[in-house]
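Q: I'd like to ask some things about the structure below.
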Amino acid sequence: MKLGTVNSLNTPSYLQLTTQPVTTQKHRAVFILQLITTLRENSSICGTMSFYRNAVWFVKGLQEYTKSGYEAAAKHFSAGDLEVNLSGRSFMVTGANSGIGKATAQEIANRGGTVHMVCRNKDRAEAARNEIVEQSKNQNVHVHIVDMSSARQVWEFAQSFSQNNKIHVLINNAGCMVNQRELTDEGLEKNFATNTVGTYILTTALIPALKKAEGPRVVTVSSGGMLTQKLNVDDLQSEKGTFDGTMAYAQNKRQQVILTERWASLHKEIHFSSMHPGWADTPGFVYLCSSAAVQSSMPSFHAKMQGKLRTEAMGADTVLWLAVSPAAAKQPSGLFFQGQKLLSETSF
Numbered sequence: 029m030k031l032g033t034v035n036s037l038n039t040p041s042y043l044q045l046t047t048q049p050v051t052t053q054k055h056r057a058v059f060i061l062q063l064i065t066t067l068r069e070n071s072s073i074c075g076t077m078s079f080y081r082n083a084v085w086f087v088k089g090l091q092e093y094t095k096s097g098y099e100a101a102a103k104h105f106s107a108g109d110l111e112v113n114l115s116g117r118s119f120m121v122t123g124a125n126s127g128i129g130k131a132t133a134q135e136i137a138n139r140g141g142t143v144h145m146v147c148r149n150k151d152r153a154e155a156a157r158n159e160i161v162e163q164s165k166n167q168n169v170h171v172h173i174v175d176m177s178s179a180r181q182v183w184e185f186a187q188s189f190s191q192n193n194k195i196h197v198l199i200n201n202a203g204c205m206v207n208q209r210e211l212t213d214e215g216l217e218k219n220f221a222t223n224t225v226g227t228y229i230l231t232t233a234l235i236p237a238l239k240k241a242e243g244p245r246v247v248t249v250s251s252g253g254m255l256t257q258k259l260n261v262d263d264l265q266s267e268k269g270t271f272d273g274t275m276a277y278a279q280n281k282r283q284q285v286i287l288t289e290r291w292a293s294l295h296k297e298i299h300f301s302s303m304h305p306g307w308a309d310t311p312g313f314v315y316l317c318s319s320a321a322v323q324s325s326m327p328s329f330h331a332k333m334q335g336k337l338r339t340e341a342m343g344a345d346t347v348l349w350l351a352v353s354p355a356a357a358k359q360p361s362g363l364f365f366q367g368q369k370l371l372s373e374t375s376f
């Protein structure tokens with residue numbers, strides 16, 4: 029049974045599911061209903077940004093999101109913040125086989141932490157794990173194969189993991205930008221399924237396990253691109269008008285920020301944060317689904333930015349800071365960060 033459309037809270041399939049016995053499928057459907065309700069509660073900030081504001085954001089990005097922007101911000105970083113021993117702490121990193129996810133996993137392993145890499149492709153995940161272990165000399169690096177666009181897989185994995193493992197920190201890093209509208213086997217638009225629904229189900233399902241840990245945290249890798257979009261709850265599946273993968277992605281990243289704020293208000297025991305890694309030269313530039321997506325969506329931009337983009341390690345810096353630094357834990361929960369700094373205004 030497909031999960032069906034999520035643009036209407038009156039979808040019969042959902043209503044039918046809620047009257048059935050408690051099953052994995054029911055939980056997945058209910059989770060998605062709760063997700064939609066949460067987003068609708070923030071509908072007062074609906075709408076899209078103007079061309080002028082998009083242009084202003086882009087100029088801001090050239091100043092702050094590039095390698096030079098990182099280098100300027102890094103002058104104010106405290107090196108001691110990341111001098112921590114992570115032995116005995118367990119970290120889950122989604123999308124950990126490449127790019128910022130892999131760089132984050134590497135730094136955690138270097139500091140003695142146990143790393144659970146959640147990846148879609150087994151071969152690439154195992155290759156990345158071997159590299160991380162070789163460099164860190166830390167054998168406590170584990171691979172879990174999960175398709176984050178599959179609500180079923182995410183739910184089943186989270187349930188199994190919670191029963192057999194402990195977790196102190198969840199890092200929601202996996203994401204994609206598909207430029208042609210396509211649906212998953214469960215009837216969800218691929219970007220929304222991966223970036224928003226998968227993140228929501230994994231986080232919500234792991235909250236009970238996180239609450240059992242000391243100093244639990246959840247870090248969600250969003251994007252500065254969300255600053256170009258205000259939340260639009262009337263078209264979560266990107267069904268209206270001409271499909272734009274870039275806009276869908278930015279909406280998903282805005283949704284992640286809203287969810288982070290909501291989780292923080294509901295679960296005071298856990299420190300939640302979202303962040304922008306900057307424009308990093310990763311295999312999926314600016315957190316696209318693959319290098320092929322880059323070639324089809326923004327090849328000229330990527331070419332012109334060569335030499336100006338951040339390295340993967342630069343992109344991972346604030347992720348790591350939020351995940352391990354005692355200083356980060358003292359920041360208010362539920363907020364959005366850039367360059368180890370709180371970005372007080374996320375409506376731009």
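Its first residue numbered 29, the sequence shown is counted upward by one per residue in this note's numbering. All C-beta atoms, glycine included, are put in the ideal place defined by N, C-alpha and C.
Okay, do the region 197–216 and the region 163–172 touch, 3+ Cβ pairs below 8 angstroms being the bar?
A: Judged by Cβ distances under 8 angstroms, the region 197–216 makes no contact with the region 163–172, as fewer than three pairs qualify.
Q: Is Met303 helix, strand or coil by DSSP?
A: Translated into the one-based positions of the sequence shown, residue 303 becomes position 275. In the structure shown, Met303 sits in a strand (DSSP, three-state: E or B).
Q: Could you check what DSSP says for Gln187 in three-state terms: helix, strand or coil?
A: As a first step, residue 187 is located in the sequence shown; it is residue number 159 there, counting from the start. In this structure, Gln187 counts as helix in the three-state DSSP scheme.
Q: Quick one: Cα of Arg139 to Cα of Asp109, how far?
A: If you number the sequence shown from 1, residue 139 lands on position 111. If you number the sequence shown from 1, residue 109 lands on position 81. Distance between the alpha carbons of Arg139 and Asp109: 13 angstroms.
Q: Going by C-alpha distance, which of Gly335, Pro236, Gly127 and Asn219 is nearest Leu198?
A: The count along the sequence shown starts at 1 and reaches residue 198 at position 170. Here the closest residue by C-alpha is Pro236.
Q: Going by other Cβ atoms of all chains shown within 10 Å of its Cβ, with 16 needed for buried, is Asn192 buried or exposed?
A: Taking the first residue of the sequence shown as position 1, residue 192 is located at position 164. So Asn192 counts as exposed.
Q: Leaving out the 5 sequence neighbours to the left and right, which residues in its chain are closer than 8 angstroms to Gln167 when beta-carbon positions are compared?
A: As a first step, residue 167 is located in the sequence shown; it is residue number 139 there, counting from the start. Same-chain partners within the cutoff: Val161.
Q: Enumerated in chain order, which unbroken segments of the beta strand (DSSP E) with a length of 3 residues or greater are wholly contained in the region 200–254?
A: For the region 200–254, whole beta strand (DSSP E) runs of length 3 or above, ordered along the chain, are 245–249.
Q: According to DSSP, is Val171 helix, strand or coil?
A: Along the sequence shown, one-based indexing puts residue 171 at 143. Val171: strand per DSSP, three-state reduction.
Q: Flag this pair as yes or no: are the beta carbons of Ile136 and Val143 separated by less than 8 angstroms?
A: As a working mapping, residue 136 is identified with position 108 in the sequence shown. As a working mapping, residue 143 is identified with position 115 in the sequence shown. Closer than 8 angstroms, so yes.
Q: Helix, strand or coil for Thr122? Go by DSSP, reduced to three states.
A: Counted from its first residue, the sequence shown places residue 122 at position 94. If DSSP states are grouped into helix, strand and coil, Thr122 belongs with the strands.
Q: Can you give the Cα-Cα distance for Val208 and Ser126, rounded to whole angstroms?
A: To locate residue 208, count along the sequence shown from 1; it is residue 180. To locate residue 126, count along the sequence shown from 1; it is residue 98. The question names Val, yet the displayed sequence has Gln at residue 208. Roughly 23 angstroms between the two C-alpha positions.
Q: Give a yes or no on whether the C-beta atoms belonging to Ile128 and Val352 are separated by under 8 angstroms.
A: Along the sequence shown, one-based indexing puts residue 128 at 100. Along the sequence shown, one-based indexing puts residue 352 at 324. Taking 8 angstroms as the Cβ cut-off, Ile128 and Val352 do not qualify as a contacting pair.
Q: Any idea if Gly335 is buried or exposed, counting beta-carbon neighbours within 10 angstroms, 16 or more meaning buried?
A: Position 307 of the sequence shown, counted from the first residue, corresponds to residue 335. The residue is exposed, with fewer than 16 neighbouring Cβ atoms inside 10 Å.
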